[in-house]
Structure formats: C-alpha cells, structure tokens
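Numbering (my numbering), first residue to last: 29 to 451.
Where is the CB? At the ideal position from N, CA and C, for every residue including glycine.
Being a predicted model, the structure only gives us computed values, none of them experimental.
Below you'll find the structure, written out as structure tokens, and then a few comments.
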Amino acid sequence: MKPSQSSAIARAYALAHERYTALGVDVDTALKLLGRMPISLQCWQGDDVGGFEHSGSALGGGLAVTGNHAGKARTPEELRADLEKALSLIPGQHRVNLHAMYGEFGGRSVDRDTIEAAHFQGWIDWAASHGLGLDFNPTCFAHPKATDGFTLSHCERGIRSFWIEHCRRSREIGAVMGKALGTPCVTNVWIPDGFKDTPADRSAPRERLVESLDAVFKKSLPPEHQLDALEPKLFGIGAESCTVGSYDFLLGYAVTRSKLLCLDAGHFHPTESVADKISSLLLYLPELLLHVSRGVRWDSDHVVTFNDDLLAIAREVIATGQSERVHLGLDYFDASINRIAAWVIGSRNLLRALLVALLEPPDIHAAELADDPTARLALQEESRSLPFGAIWDFYCESKGVPVGEAWLEEVRAHEQNVLSQRV
Ligand code: RNT
Ligand code: ZN
Numbered sequence: 029m030k031p032s033q034s035s036a037i038a039r040a041y042a043l044a045h046e047r048y049t050a051l052g053v054d055v056d057t058a059l060k061l062l063g064r065m066p067i068s069l070q071c072w073q074g075d076d077v078g079g080f081e082h083s084g085s086a087l088g089g090g091l092a093v094t095g096n097h098a099g100k101a102r103t104p105e106e107l108r109a110d111l112e113k114a115l116s117l118i119p120g121q122h123r124v125n126l127h128a129m130y131g132e133f134g135g136r137s138v139d140r141d142t143i144e145a146a147h148f149q150g151w152i153d154w155a156a157s158h159g160l161g162l163d164f165n166p167t168c169f170a171h172p173k174a175t176d177g178f179t180l181s182h183c184e185r186g187i188r189s190f191w192i193e194h195c196r197r198s199r200e201i202g203a204v205m206g207k208a209l210g211t212p213c214v215t216n217v218w219i220p221d222g223f224k225d226t227p228a229d230r231s232a233p234r235e236r237l238v239e240s241l242d243a244v245f246k247k248s249l250p251p252e253h254q255l256d257a258l259e260p261k262l263f264g265i266g267a268e269s270c271t272v273g274s275y276d277f278l279l280g281y282a283v284t285r286s287k288l289l290c291l292d293a294g295h296f297h298p299t300e301s302v303a304d305k306i307s308s309l310l311l312y313l314p315e316l317l318l319h320v321s322r323g324v325r326w327d328s329d330h331v332v333t334f335n336d337d338l339l340a341i342a343r344e345v346i347a348t349g350q351s352e353r354v355h356l357g358l359d360y361f362d363a364s365i366n367r368i369a370a371w372v373i374g375s376r377n378l379l380r381a382l383l384v385a386l387l388e389p390p391d392i393h394a395a396e397l398a399d400d401p402t403a404r405l406a407l408q409e410e411s412r413s414l415p416f417g418a419i420w421d422f423y424c425e426s427k428g429v430p431v432g433e434a435w436l437e438e439v440r441a442h443e444q445n446v447l448s449q450r451v
C-alpha cells in the first residue's frame, strides 16, 4: 500500500473515532473485542463438499453445490494452501471447520465407522503451526448407507448402529483436536433424515433418533476439549414434508441433555428471525453454535452478504453481552465464483457486521429504558450511516490484511498462479 493511502485511512479513522466518541461509543474496546471473536471457516467451501474419500458417492442429503469455477482444491495440501490464502485476507485469528470426509486416508478406503484421530493428524499439525482452532462434523451424507435419506433415525438397526459409531468416533476425534490445540473443538451433528412426502408415522423415526443420539453422546468428553452441537433444519431438497431432526425436536433434545444447538441461518422459514432466537436459547442452553449462511428461495447456503439478516444476528450476539457463549461459523458452498473469494467475502462481512454491533450507540438502549420508542427508532436508523467503514479499514490495516477491495487483487493473482494450474 502507498503511504498516502495509509495516511488517508488514519485520517478517516481519526474523524470516525471522534464521531463515535461523541456518541459515547468506546471504539478501542470495540476493536479489542472484535479481535477476540474467531470465525470458523467451513473447509467444504474449498472443494464443493467433496472430501478426500474418493468413494464416488453422490453428495445427497439434500445438499447441492452449483457452479464449476476452475481450480477447486483436490488434495489436503491444496485445501490447506487455499485456506491459508483466505485467512491471510481476513483480519484476526480464526478457526477451521472440518468434516469427517476430509480425513487423510492415504489412498486406503476407510469407512466412516472406522475413522480415527490419526486420519486428522495432518490437519492438527497444520492448525497448530498456524495458531488455528479446529471444529469438526460427522459426515452423515455422501455415503452408500445414506442413499435413502435416513441415517441415525433409519428403520434398520444395522444402519443406525453404523452412523452411531461414526458420530461417536467423530466426537472422540474432536476431543483429540481440542486437546492438541488447547481450544475446545465444537463437534456438530447434522443429519439429513427426512421424508419427501407425508409420513404415516412421524413418531417412530423421532423415537429412534432420541435413542441413537443418546448412544452417540453416552460417553462424556471433557468440555475443555470438545463440545457437542446439534443442527436442526426446516426442510431439505428431497425431504420437504418432514425433517426428523427438526427445530422442535433438537431444541428439546439440546435442552434436556445440555447440548449446544446450532442455528444455521438458512434452516428456517424466510420470515422467521434467527437473530431473535439467540437471547431465548442462551437462557436454557450452555452455549450456541451459529452457521452463518444466507438462504435464497430453496437454497440455504449462499455466500453471506452484508444484509439486514446478518446485521441482526451480529447485533444480537453482541447485545446479549455473552458473545463468548456463541461460537461463530460459516456454512455455505458456492462453486460458481472463486472459492477463496467466497470465504473472504463471507468472513469479512460477518466481522464487519460484528463491528457495527460493537459500535452501536448506547443512546439507542437508553431510549428504550426511557420508554421513548420514537427516539429508539430514530437513533437506530441514523446509526446505519455512521462511519463504521473507516473503523473497519483501520482495523484491517492494523491486522496487516488488505484494506477494502485490495484483497481481490491477491485472490486474482492466486487464481492466475495457483488455481489455473489445477487441471
Ligand atoms: C446442511 C447443514 C450442514 C451442512 C454441512 C456440510 O443443511 O447446514 O451444516 O451444510 O455439514
Ligand atoms: Zn449448517
């Protein structure tokens, strides 16, 4: 960056700082807090939810990745290199979220019920050397035993046992990751189980799911190494009429078993506010996991943009005053654009939204306490055009990452030099 650019950023920051200070906002504390909020980057954005099993199984489970942008990662080395590139363009220290299908199996076929921590040692070593935390997910799709759309709630005991063993092992692997890296690994269970058309019996599969989950979680693992999360969904493609692990089902399960609930922003009815759930759930659950995503019509997994839904989620995470109880992850997959750019766009947007929330003028809350809804609305709307962009630019510069759209040049160069060689 040219020195003149840098001083323009400093001047804009000084003016913005003054403006926020006049409104009673402590900018320095806001930036300090933002620097302590890791985002877990979904590894599966880097290769279209492919993984390294080379089993040839279709993705299934209602998941669909569209697009064929050149240069997707084909090996663990390529995926890690791409993640490193993305992380170098995102301010702050973050995490990586792995799926079981991303183990390093050395060309052998290792079925899901025999995975071990050793298959993830490469990831653990890499994460340790980059100061990253890891999160984990059992992969209950893209497998011959999941082709009919049922896993943990399957009517056949043998199939249920297979997926129970897979999930059980996934938790153990998560615990090894968390112990090795000194930061708890959130192991998130999402299953695709559901009915395309109206089931005759909604109870039996749900009863089986309770039993299976209880078997998965039978062994307690130290929370300083591993935390269990469960992810509900409204519907998936091919499972439009009944999702076994629905919101009601998994909320009840999480509350009674003291587990984390994972709120995926694309898993609810479009008019339902995910942001509104956070303050309620924190009253009853130990912690929360967010899969920050963007639903568009039937798809729950578009790249996160800087829209009102995102701002509302970020605002609630901060306003609860308990952001340390909310684990932040991204969940989308887009193969129609540069995959590294997809990570960078979503992460920077989430961080920018959190910054806006951290910079919220205290008079908004004061107006509510003073029973003055007119002032509350007026101040909320005025606050939208406060100069948070200048604070954000300064933050990026202070963390040594490109300011503004400058990161795109780096992604383009990487596309030219690295991705285009992958044929
Ligand atoms: C699916 C869930 C789940 C997956 C990942 C790949 O609808 O959102 O989190 O996206 O496990
Ligand atoms: Zn999700």
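Just confirm the distance between the C-beta atoms of residue i and residue j, as a whole number of angstroms; I'd bet it's less than 8 Å.
i, j, result
"Phe164", "Thr215", "5 Å"
"Phe148", "Met205", "7 Å"
"Cys270", "Phe223", "4 Å"
"Ala146", "Ala86", "No, Ala146 and Ala86 are not in contact; Cβ-Cβ is about 28 Å, not under 8 Å."
"Gln73", "Arg440", "Gln73 to Arg440, Cβ: 18 Å. No contact."
"Ile152", "Ala208", "5 Å"
Measuring only the C-alpha atoms, how far is residue i from residue j?
i, j, result
"Leu316", "Leu378", "17 Å"
"Pro220", "Ala363", "21 Å"
"Ser68", "Val384", "20 Å"
"Gln254", "Leu358", "19 Å"
"Ser448", "Ser137", "29 Å"
"Lys100", "Cys71", "12 Å"
"Tyr2", "Phe178", "Because the chain in this structure spans residues 29 to 451, residue 2 falls outside the shown range and cannot be described."
"Leu291", "Val320", "8 Å"
"Asp400", "Glu388", "17 Å"
"Leu51", "Leu414", "10 Å"
"Ser198", "Phe80", "16 Å"
"Glu200", "His45", "47 Å"
"Ile346", "Pro227", "41 Å"
"Ala406", "Asp329", "33 Å"
"Glu106", "His355", "27 Å"
So, helix, strand or coil for residue i, using DSSP?
i, result
"Phe361", "coil"
"Ile116", "The sequence shown places Ser at residue 116, rather than the Ile named in the question. Reduced to three states, the DSSP call for Ser116 is coil."
"His45", "helix"
"Arg108", "helix"
"Gly78", "coil"
"Leu339", "helix"
"Asp304", "helix"
"Asn445", "helix"
"Ser68", "strand"
"Val439", "helix"
"Ser328", "strand"
"Leu249", "coil"
"Arg322", "strand"
"Val53", "coil"
"Leu309", "helix"
"Val124", "strand"
"Val345", "helix"
"Leu180", "coil"
"Leu356", "strand"
"Leu62", "helix"
*In chain order, what residues place their C-beta within less than 5 Å of a heavy atom belonging to ligand 2?*
Counting every residue whose Cβ lies closer than 5 Å to a heavy atom of ligand 2, we get Asp292, His319 and Asp359.
*Can you list the alpha helix (DSSP H) stretches of 4 or more residues lying completely in the region 366-417, in chain order?*
Listed in chain order, they are 367-386, 391-397 and 401-411.
*Which whole runs of the alpha helix (DSSP H) in the region 137-171 are 4 residues long or more, in chain order?*
Segments of the alpha helix (DSSP H) lying fully in the region 137-171: 149-157.
*Could you tell me which uninterrupted beta strand (DSSP E) segments, each at least 3 residues in length, are contained entirely in the region 191-243, listed from first to last along the chain?*
Within the region 191-243, the complete beta strand (DSSP E) runs of at least 3 residues are 213-217.
_Contained beta strand (DSSP E) runs [length at least 3] in the region 254-294, N- to C-terminal order_ = As far as the region 254-294 is concerned, its whole beta strand (DSSP E) runs of at least 3 residues are 254-258 and 288-292.
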